[in-house]
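*Asks:* If you count by my numbering, then the sequence shown holds residues 44 to 754, one letter each, in order. I'd like to ask some things about the structure below.
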Amino acid sequence: GLFTGIGLSEAKARETLRNGALSALLRRAVLQARSALGPALDKATGTLLYNTAARLKDPKHLGFLVGYIARREILTDLQLSAALEYVRSHPLEPLDVADFERACGVGICISPEQIEEAVEAVISKHRAELLAERYHFNMGLLMGEARSQLRWADGKTIKNEVDLQVLHLLGPKTEADLEKKPKVAKARLAPAEKQKVAVVENGDMGTETRSLLEQLRGEALKFHKPGENYKTEGYVMTPNTMALLKQHLAITGGQVRTRFPPEPNGILHIGHAKAINFNFGYAKANGGVCFLRYDDTNPEKEEEKYFTAIREMVEWLGYQPYAVTHASDYFDQLYTWALELIRRGQAYVCHQKVEEIKGHNPPPSPWRDRPVEESLLLFEDMRKGKFGEGEATLRMKLVMEDGKMDPVAYRVKFTPHHRTGDKWCIYPTYDYTHCLCDSIEHITHSLCTKEFQARRSSYFWLCNALDVYCPVQWEYGRLNLLYTVVSKRKIIQLVETGVVRDWDDPRLFTLTALRRRGFPPEAINNFCARVGVTVAQATMEPHLLEACAREVLNEQAPRAMAVLEPLKVTITNFPAPKALEVLVPNFPANESRGFHKVPFHQTVYIEETDFREEADKGYKRLAPGQPVGLRHTGYVITVQNVIKDISGRVIELEVTCTKSDVAEKPKAFIHWVSVPLACEVRLYERLFLHKNPEDPSEVPGGFLSDINPVS
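Structure follows, in structure tokens:
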């Protein structure tokens with residue numbers, strides 16, 4: 044009743060009631076407005092109250108804004124939008140009331156005369172075009188220009204004034220005015236330009252309208268500007284936030300900073316290519332920098348070859364890191380902060396076993412409330428190696444989004460580290476390390492895949508618990524491919540069981556495998572651009588990646604003729620005593636890019652599949668009675684004799700040739716080689732038989748049972 048009383052429809056009121064948080068805010072707003080204006084609120088006021096409750100990010104400003112609506116000082120949605128933006132941009136109390144009122148147009152009254160004058164000025168500016176185009180002219184342009192001069196004027200009043208003055212100038216609409224404006228045909232791109240469209244050169248800007256860099260530039264993503272972290276929904280403010288952001292801006296100069304933070308315990312795959320393009324691309328598109336930071340906190344799984352391969356792949360895709368850093372660079376600082384966290388009563392040493400704290404509802408730790416001094420001493424004992432692996436952990440006192448309680452910050456591992464040797468026998472976890480390394484490096488946008496969303500609360504909590512600069516974590520959807528597996532654990536199983544040779548086996552979709560198979564880096568970058576940056580997970584067909592490769596290779600790779608299963612063809616009336624030289628274009632679609640010479644001899648080899656003894660319907664290549672052209676030679680060949688071995692297999696054809704300008708035009712032209720070079724050609728099929736080899740409903744026996752035996 045309260046909600047329908049402010050003009051909401053029955054359905055809208057019920058829908059609002061289903062949202063507990065919105066209902067509570069709207070109830071507060073309506074009751075406050077009623078206490079000032081009486082029980083009957085008009086629909087315009089009701090709409091403003093609803094929009095305030097629905098769009099306000101921080102409920103503490105509700106009473107302040109409702110006061111302005113109740114006093115009729117905020118009257119339009121335009122003013123309300125300005126008010127909401129103002130409180131979002133000024134998170135610190137108290138608000139400067141005079142500045143707020145100036146920003147929201149409080150007390151500004153636009154008279155009908157002012158509107159009339161502004162519209163008159165705009166119409167006289169466009170008078171010539173209006174008289175020429177009449178009612179086909181874009182009237183929205185007039186509205187926009189008039190509104191820009193009178194920011195707080197009512198939109199409907201401006202529209203009515205524009206309609207009135209246009210009618211006065213042009214008179215009523217005629218038959219011609221009512222006809223639809225003919226569409227202007229867009230100029231079509233030449234094939235060469237079309238190719239240009241698809242290519243993002245080495246992560247540099249291509250000429251494509253929506254290259255990844257353009258998708259990531261400026262307003263394309265609703266990301267905060269550096270230093271305006273507090274404008275992000277869900278960002279947690281503390282009394283020190285604004286001072287820390289001021290320091291942050293002084294250090295970075297307002298520059299965008301991102302990072303690509305792989306674990307050096309495996310080779311990068313196609314999903315990482317999206318992360319590389321997104322992190323490096325977003326920084327580059329916005330004049331910023333991107334760090335390559337190795338998350339080297341798991342010493343037993345890390346190998347030097349992975350560090351090298353990761354950097355190589357980033358550079359192969361065309362990106363140069365601003366700096367190459369390691370989580371281990373900050374081990375001393377992280378340890379100091381862990382001590383501080385204990386001192387602040389936000390962390391404790393726990394002796395629950397790993398098995399006890401796994402799963403959804405583990406029992407709370409009996410050591411959660413142990414004295415600070417005791418935890419400090421025990422943490423020091425952990426560092427000195429007095430506890431065995433699994434006997435003690437340092438845990439943080441918080442509950443995460445997914446309900447997980449008190450994540451582990453440090454654990455004991457007696458494994459030497461490839462960079463710090465055996466200086467440490469305690470190592471920090473991802474949950475502890477990641478946000479603090481981002482803070483140390485003054486990252487502005489911590490971009491990560493959707494599965495880390497559950498860790499966002501611990502990210503903000505930890506930075507704020509230590510009173511250090513807190514970046515913003517943004518999540519996006521992973522990129523997956525069908526017919527493959529990309530998990531490191533599963534690829535290691537494929538290598539160890541001998542299904543594939545190594546991480547760079549061309550049937551895999553690791554970046555080293557794609558490079559070895561001949562995929563140009565631009566094709567991978569273009570593929571990432573096409574997939575785009577979405578919140579939803581993208582699962583793509585491999586042929587879409589192959590199509591991107593074809594587009595790039597079509598522009599970059601000179602053509603050569605090759606025959607994989609050769610059938611010998613002897614031309615009995617060859618027109619010359621020795622081999623002729625034939626000019627073959629390097630790029631058939633663009634002959635201006637040069638030619639190469641190929642020998643054309645009495646004996647040529649064609650593909651076995653380009654000949655059939657009987658031509659069925661739809662078959663256009665060589666058969667008795669069905670001639671074909673030999674590509675680039677200017678000759679058409681006709682079968683005279685088919686020679687077979689004792690098993691009946693065709694081993695040679697004898698043919699005659701005719702110049703193509705006198706012969707009847709053949710149905711097809713085929714490729715061939717003559718005086719050929721021998722070469723090794725490796726053909727690969729898909730490694731797995733099913734689209735989703737990891738899905739038990741598709742492959743009950745597990746992914747290792749789904750191997751294609753002829754891949």
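Glycine is no exception: its CB is placed at the ideal position from the N, C-alpha and C atoms. None of the values given here were measured: they were computed from a predicted structure.
1. Return the first residue and the last residue of the alpha helix (DSSP H) that glutamate 565 is part of.
2. For lysine 199, which of Ile158, Arg170, Arg70, Lys168 has the nearest alpha-carbon?
3. From what residue to what residue does the alpha helix (DSSP H) around isoleucine 534 run?
4. Any idea if glutamine 599 is buried or exposed, counting beta-carbon neighbours within 10 angstroms, 16 or more meaning buried?
5. Go through its chain and collect everything with a Cβ distance to valine 92's Cβ below 8 Å, but skip five positions before and after it.
6. Leaving aside the five residues before and after glutamine 516 along the sequence, list all residues of the same chain whose C-beta is less than 6 Å from its C-beta, in chain order.
7. Can you tell me whether glutamate 345 is buried or exposed, with buried defined as 16 or more other CB within 10 angstroms of its CB?
8. If you count every other CB in all the chains shown that lies within 10 Å of the CB of glycine 330, and 16 or more means buried, which is it?
9. So, at 7 Å on beta carbons, what are the nonlocal neighbours of leucine 537 in its own chain, with the 5 sequence-adjacent residues on each side left out?
10. Roughly how many whole angstroms lie between the Cα atoms of arginine 602 and proline 631?
11. Identify, in the order they occur along the chain, each residue of the same chain with its Cβ nearer than 7 Å to the Cβ of valine 442, setting aside the five sequence neighbours on each side.
12. In the DSSP assignment, what are the bridge partners of proline 628?
13. Just to confirm my understanding: we take leucine 419, look at its own chain, exclude 5 residues before and 5 after, and list those with CB closer than 8 Å. What are they?
14. Which first and last residues belong to the alpha helix (DSSP H) in which histidine 369 is found?
15. Given 8 Å as the limit, is there contact between the region 582 to 591 and the region 621 to 636, that is, 3 or more CB pairs closer than that?
16. Taking only runs of the alpha helix (DSSP H) that begin and end inside the region 654 to 684, which ones reach a length of at least 4 residues, in chain order?
17. Kindly identify the DSSP beta-bridge partner or partners of tyrosine 519.
18. Since phenylalanine 763 and valine 162 are thought to touch, with beta carbons under 8 Å apart, how far apart are those beta carbons, to the nearest angstrom?
19. Skipping 5 residues on each side, what residues in its chain have a beta carbon closer than 7 Å to that of glutamate 276?
20. Buried or exposed: where does asparagine 568 fall if 16 or more other Cβ atoms within 10 Å of its Cβ makes it buried?
21. Indicate whether serine 530 and cysteine 506 have their beta-carbon atoms separated by less than 8 Å.
22. So, for valine 606: in the same chain, excluding its five sequence neighbours on each side, which residues have a beta-carbon less than 6 Å away from its beta-carbon?
23. Do you know offhand how far isoleucine 686's Cα is from glutamate 697's?
24. Determine the direct distance from the alpha carbon of proline 450 to that of aspartate 412, and round the result to whole angstroms.
25. Buried or exposed: where does cysteine 722 fall if 16 or more other Cβ atoms within 10 Å of its Cβ makes it buried?
26. Exposed or buried, which one is histidine 211 when buried takes at least 16 other CB atoms within 10 Å?
27. Less than 8 Å between the C-beta atoms of leucine 596 and proline 563, yes or no?
28. Helix, strand or coil for lysine 289, going by three-state DSSP, please let me know.
29. For histidine 312, which residues does DSSP report across the bridge?
30. Here's the rule: buried if 16 or more other CB atoms are within 10 angstroms of the residue's CB, otherwise exposed. What is leucine 51?
31. Between the region 365 to 377 and the region 390 to 402, can you find at least three pairs of beta-carbon atoms closer than 8 Å?
32. For valine 357, count neighbouring C-beta atoms within 10 Å of its own C-beta (all shown protein chains included) and say buried if the count is 16 or more, exposed if not.
*Replies:* Per the coordinate set shown:
1. Here the alpha helix (DSSP H) through glutamate 565 covers 564 to 574.
2. It is Ile158 whose Cα lies nearest to the Cα of lysine 199.
3. Where isoleucine 534 is concerned, the enclosing alpha helix (DSSP H) stretches over 531 to 539.
4. In summary, glutamine 599 is exposed, with fewer than 16 beta-carbon neighbours lying within 10 Å of its beta-carbon over all protein chains present.
5. A small fix is needed here, since residue 92 is leucine in this sequence, not valine. Taken in chain order, the residues that qualify are Ile49, Leu69, Ala72, Val73, Ala76, Leu84, Val109, Ile112.
6. Same-chain partners within the cutoff: Ser489, Arg499, Tyr502.
7. When all chains shown are included, glutamate 345 counts as buried.
8. By the C-beta density criterion, glycine 330 is exposed, having fewer than 16 other C-beta atoms within 10 angstroms.
9. When the five nearest sequence neighbours on each side are left out, the beta carbons in the same chain lying within less than 7 Å of the beta carbon of leucine 537 are those of Val543, in order along the chain.
10. Cα to Cα, the separation comes out at about 8 Å.
11. Taking C-beta separations shorter than 7 Å and ignoring five residues to either side along the sequence, the partners of valine 442 in its chain run Met448, following chain order.
12. Under the DSSP definition of a beta bridge, proline 628 partners with Phe638.
13. Residues of the same chain with a CB within less than 8 Å of the CB of leucine 419, apart from the 5 flanking positions on each side, are Leu382, Ile385, Arg386 in chain order.
14. Annotation for histidine 369: no alpha helix (DSSP H) segment contains it, though the beta strand (DSSP E) segment containing it runs 366 to 369.
15. Result no; under three Cβ-Cβ pairs closer than 8 Å.
16. Counting only runs of 4+ residues, no alpha helix (DSSP H) is found wholly inside the region 654 to 684.
17. Bridge pairing for tyrosine 519: Thr492 [DSSP].
18. Nothing can be reported for residue 763: it is not among the residues displayed for the chain, which extend from 44 to 754.
19. For glutamate 276, where only same-chain residues beyond five positions count, the Cβ hits under 7 Å are Lys100.
20. It is buried - the Cβ of asparagine 568 has at least 16 other Cβ atoms within 10 Å.
21. Cβ distance not < 8 Å, so serine 530 and cysteine 506 don't count as in contact.
22. Excluding positions up to five away in sequence, the list reads Tyr648, Glu650, Val716.
23. Roughly 8 Å between the two C-alpha positions.
24. Spanning the two alpha carbons is a distance of roughly 15 Å.
25. That one is exposed.
26. Result: exposed.
27. Contact flag set, yes.
28. Look at lysine 289 here: in three-state DSSP terms it is helix.
29. Bridge partners of histidine 312: Thr553.
30. Buried, because 16 or more other Cβ atoms sit within 10 Å of the Cβ of leucine 51.
31. Too few Cβ pairs lie closer than 8 Å, so no.
32. Answer is buried; the Cβ neighbour count reaches 16.
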